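Participant: Following this message is one structure expressed as structure tokens.
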Amino acid sequence: MIIRSLIVFFNLLPFVLSFLRDQRKFIFFGSSLIVTKAAHLKRAKKLTAKIAHLGPTFIKLTQILSSRADLLPEIYLNQLSTLQDKVPPLETKKIIKVVENEFNKPIGEIFEKFSDESIAAASLGQVHRATFKGEDVVVKVLRPGVEELISVDISILMIIINFLLRVFPTHEINILSTIVREFSKIIKEEMNFSREAENVLRFQKNFAGNENIIIPDVYMELNTKRVLVLKYYKGIKIDQIEELTRINLDIKKILENLIIIYSQQVLIDGFFHADPHPGNIFVNQEGKIILLDFGMVITIDEETKRELVKTAIAGANRNFDGLMEGLSMHPSGPEINLTVLKDAAEMMMNIFDKKKISKKRIKELSNEIFNTFYHFPLNLPSNLVYLFKTAILIEGIGMKYDPDFNGIKDGTPIVKKMFGKALKEPPVEIMDFVFSKFRDLYKLTQNLEKVMRLAGREQFRVRLHPVDIAWLEGIFSYMFRRVLVSITATSIALVGAILYLRIESIWLLLISFGLAGFLLLVTFALPARRVFNPAEWHRKRVERDIEEKFPFVS
0 MIIRSLIVFF NLLPFVLSFL RDQRKFIFFG SSLIVTKAAH LKRAKKLTAK IAHLGPTFIK
60 LTQILSSRAD LLPEIYLNQL STLQDKVPPL ETKKIIKVVE NEFNKPIGEI FEKFSDESIA
120 AASLGQVHRA TFKGEDVVVK VLRPGVEELI SVDISILMII INFLLRVFPT HEINILSTIV
180 REFSKIIKEE MNFSREAENV LRFQKNFAGN ENIIIPDVYM ELNTKRVLVL KYYKGIKIDQ
240 IEELTRINLD IKKILENLII IYSQQVLIDG FFHADPHPGN IFVNQEGKII LLDFGMVITI
300 DEETKRELVK TAIAGANRNF DGLMEGLSMH PSGPEINLTV LKDAAEMMMN IFDKKKISKK
360 RIKELSNEIF NTFYHFPLNL PSNLVYLFKT AILIEGIGMK YDPDFNGIKD GTPIVKKMFG
420 KALKEPPVEI MDFVFSKFRD LYKLTQNLEK VMRLAGREQF RVRLHPVDIA WLEGIFSYMF
480 RRVLVSITAT SIALVGAILY LRIESIWLLL ISFGLAGFLL LVTFALPARR VFNPAEWHRK
540 RVERDIEEKF PFVS
């Protein structure tokens with residue numbers, strides 16, 4: 000573990016220090032470092048390469064972080080999203096050894112045929128084709144040693160996170176801590192193929208009446224914690240639009256079915272395939288969607304599911320207050336800045352309502368929303384983050400098919416049809432509704448009492464807008480630097496005077512006084528560019544951004 004800790008530490012430390020330096024977290028002098036876009040891009044590419052080198056734990060964790068617009072700037076999100084969970088395949092004999100150890104018998108007694116070449120190799124598992132009782136199957140095998148490696152990596156990550164929480168207890172580090180803890184649970188479940196087999200059976204039950212989706216059959220007699228055997232289906236990756244068009248498939252219909260499938264998972268079943276990417280979604284010759292890899296799933300409880308339905312309805316009906324209420328339902332983390340979210344959502348809806356919108360405009364809009372999430376203290380619910388991954392996948396496929404594809408505009412009518420089903424499970428009784436309103440009223444009175452109690456103890460606090468915080472930070476930083484340099488100059492002058500009295504060197508006295516005078520001169524010459532009216536600055540910045548980035552809105 001010590002060697003692994005050193006490897007992780009020396010790979011990630013330069014990037015941690017760079018990010019902290021950018022935000023002036025551990026220095027006394029100077030303003031925040033101004034880093035160019037090109038420098039950020041170069042750093043993001045290096046970070047992606049380092050993470051790929053560190054192995055499965057960091058690759059999997061980064062795939063989650065690459066959807067967290069509230070944690071990382073847009074440049075890093077784009078670069079980290081290119082990180083693929085692909086690794087060179089292990090030697091087949093090592094994979095066969097795992098299978099034989101699981102069943103305590105030679106591979107020839109388990110399968111009639113077992114392919115020497117893998118059809119997929121990821122950081123956790125490797126997949127080979129085989130023949131079982133005359134049927135074509137795929138055998139997914141957990142890589143040997145991966146469980147121990149991930150366990151060590153998670154321990155190292157928690158040590159690093161706990162240290163950062165003590166030294167730099169910021170909002171972002173708190174969120175990162177929550178993500179790592181949640182990730183440690185998910186990754187353990189993903190490495191348990193017996194659990195994945197149960198997930199497959201549940202998905203088959205949920206989509207039993209849907210003829211547009213194929214959930215592969217699982218061979219339970221060949222299922223263990225490290226080996227999973229599924230029926231083989233031939234298909235084309237869902238993002239290979241040219242190949243799908245060549246065999247005369249209706250791409251628009253496929254996208255519609257994909258939206259329905261994932262909407263059902265979230266709004267009706269409460270059982271969500273949380274690892275959507277083209278390598279896990281195929282289409283067969285008949286246009287049916289083949290869903291693969293059920294290791295990472297999210298269970299959505301009834302209350303959360305109902306809130307998500309309400310949020311979806313509010314979004315479809317352009318009810319922004321209802322939309323913000325749904326987004327703020329997550330109980331953990333600091334209070335979400337609803338005003339900022341509401342402005343971003345309203346801007347997004349207004350632009351997507353247009354009949355046509357170019358790729359460039361969509362990119363500008365996405366960047367603006369990402370920057371909003373990053374610069375303001377938001378805490379995105381984890382369920383929402385996984386939904387974003389699905390939305391990004393659908394949008395990307397749609398844009399390949401049609402440059403004018405509008406995921407929100409085209410998907411809203413489809414989702415609206417499903418609201419009836421979702422709201423019927425379970426039915427809402429009138430008395431339940433009345434009691435819920437009384438509960439809301441009771442909570443309101445409790446909150447008012449709490450506010451008055453805090454005010455009486457002079458503990459009432461007011462949240463400041465992030466722009467005002469930045470302004471105050473600038474003033475205090477400016478004042479602190481002046482005081483610090485003044486103290487330094489005075490100390491030099493005093494030391495010079497004391498030494499003069501001891502050794503009577505006029506040159507030493509002149510040098511010390513000259514240096515002190517120079518430092519004092521520099522102190523009063525420090526620029527005060529951070530001392531300004533925040534409201535006026537914020538107004539001008541918003542006006543400039545709207546004019547430059549969204550000229551068609553005005």
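For the record, in the sequence shown the residue sitting at position 338 is 337 according to numbering that gives the first Met the number 0, with numbers rising by one throughout.
All residues carry an ideal CB built from backbone N, CA and C; glycine is no exception.
A quick note: this is a predicted structure, and the numbers were derived from the prediction, not measured.
Rounded to the nearest angstrom, what separates residue 27 and residue 507 at their Cα positions?
Facilitator: Here residue 27 scores only 45 on pLDDT, less than 50, and its place in the model should not be relied on; the value that follows carries that caveat. The straight-line gap from Cα to Cα measures roughly 28 Å.
Participant: Quick one: what does DSSP say residue 128 is sitting in, helix, strand or coil?
Facilitator: The answer is strand: DSSP assigns residue 128 an E or B state.
Participant: Would you please verify whether the beta carbon of residue 306 is less than 8 Å from any beta carbon of chain B?
Facilitator: Protein chain content of the structure displayed is limited to a single chain, and chain B is not contained in it.
Participant: Return the chain-ordered list of same chain residues with a C-beta closer than 8 Å to the C-beta of residue 81, the five sequence neighbours on each side being excluded.
Facilitator: 47
Participant: Keeping to the same chain, check which residues put their C-beta closer than 6 Å to that of residue 229; ignore five residues upstream and five downstream.
Facilitator: 137, 215 and 217, listed in sequence order.
Participant: Assuming residue 492 contacts residue 512 (C-beta within less than 8 Å), just tell me the rounded distance between them.
Facilitator: Between residue 492 and residue 512 the beta-carbon gap is near 6 Å, inside 8 Å, which marks them as a contact.
Participant: What are the boundary residues of the alpha helix (DSSP H) that includes residue 76?
Facilitator: 73-79
Participant: Grab me the residues of residue 99's own chain with a C-beta within less than 7 Å of its C-beta, minus the 5 sequence neighbours each way, in chain order.
Facilitator: The residues are 105 and 106.
Participant: Report yes if the CB atom of residue 56 is closer than 8 Å to the CB atom of residue 149, and no otherwise.
Facilitator: yes
Participant: Going by other Cβ atoms of all chains shown within 10 Å of its Cβ, with 16 needed for buried, is residue 165 buried or exposed?
Facilitator: By the Cβ neighbour-count rule, residue 165 is exposed, with fewer than 16 other Cβ atoms within 10 Å of its own.
Participant: Let me know the secondary structure DSSP gives residue 86 once reduced to three states.
Facilitator: coil
Participant: Return yes when the Cβ of residue 286 is within less than 8 Å of the Cβ of residue 236, no when it is not.
Facilitator: no
Participant: Once the 5 residues before and after residue 295 are set aside, which same chain residues still bring their CB inside 7 Å of it?
Facilitator: 185, 189, 273 and 274
Participant: Roughly how many whole angstroms lie between the Cα atoms of residue 389 and residue 276?
Facilitator: 8 Å
Participant: Taking the beta carbon of residue 162 as the centre, do at least 16 other beta carbons fall within 10 Å, making it buried, or is it exposed?
Facilitator: exposed
Participant: Which full runs of the beta strand (DSSP E) of 3+ residues lie inside the region 127-200, going along the chain?
Facilitator: 134-141
Participant: Between which residues of its own chain and residue 197 is the CB-CB distance below 7 Å, once the five residues before and five after are set aside?
Facilitator: none
Participant: Where does residue 87 land, buried or exposed, given buried means 16+ other C-beta within 10 angstroms?
Facilitator: exposed
Participant: Would you call the region 263-272 and the region 291-306 in contact, with 3 or more CB pairs under 8 Å?
Facilitator: yes
Participant: I'd like the span of the beta strand (DSSP E) that includes residue 207, first residue to last.
Facilitator: Taken as a continuous stretch (DSSP letters only), residue 207 belongs to no beta strand (DSSP E), as it is neither H nor E.
Participant: Bridge partners for residue 272 per DSSP, in chain order?
Facilitator: 296
Participant: To which residues of the same chain is residue 560 closer than 7 Å at the C-beta, ignoring the five residues directly before and after it?
Facilitator: The requested residue 560 is not part of the displayed model; the chain covers only 0 to 553.
Participant: Can you list, in chain order, the residues of its chain with a C-beta nearer than 8 Å to that of residue 54? Leave out the 5 residues immediately preceding and following it.
Facilitator: 122, 148 and 152
Participant: What is the DSSP secondary structure of residue 212, reduced to helix, strand or coil?
Facilitator: strand
Participant: Find out if the Cβ-Cβ distance for the pair residue 213, residue 232 is shorter than 8 Å.
Facilitator: Taking 8 Å as the Cβ cut-off, residue 213 and residue 232 qualify as a contacting pair.
Participant: Could you work out which residue in 39, 10, 90 and 95 is closest to residue 51 when comparing CA atoms only?
Facilitator: 10
Participant: In whole angstroms, give me the CA-to-CA distance for residue 0 and residue 172.
Facilitator: 24 Å
Participant: Quick test of your reading: residue 13 and residue 39, contact by CB under 8 Å. State the CB separation rounded to the nearest angstrom.
Facilitator: Going by Cβ atoms, the distance from residue 13 to residue 39 rounds to 14 Å, so no, they are not a contact pair.
Participant: Tell me which same chain residues have a C-beta within less than 6 Å of the C-beta of residue 156, skipping the five on either side of it?
Facilitator: Cβ within range, chain order: 179.
Participant: For the alpha helix (DSSP H) containing residue 242, name the first residue and the last one.
Facilitator: 240-245
Participant: Taking 8 Å as the cut-off, decide whether the C-beta atoms of residue 97 and residue 143 are in contact.
Facilitator: yes
Participant: Can you have a look at residue 292 and say buried or exposed, based on whether 16 or more other CB atoms are within 10 angstroms of its CB?
Facilitator: Residue 292 is buried by the Cβ-count criterion.
Participant: Looking at the structure shown, is residue 1 part of a helix, part of a strand, or coil, going by DSSP?
Facilitator: helix
Participant: Check each candidate in 7, 412, 77 and 62 and name the one with the smallest Cα separation from residue 43.
Facilitator: Scanning 7, 412, 77 and 62 for the CA closest to the CA of residue 43 turns up 77.
Participant: Give me the Cα-Cα distance between residue 502 and residue 482, rounded to the nearest whole angstrom.
Facilitator: If you take the alpha carbons of residue 502 and residue 482, they lie about 30 Å apart.
Participant: DSSP state of residue 109, grouped into three classes?
Facilitator: In this structure, residue 109 counts as coil in the three-state DSSP scheme.
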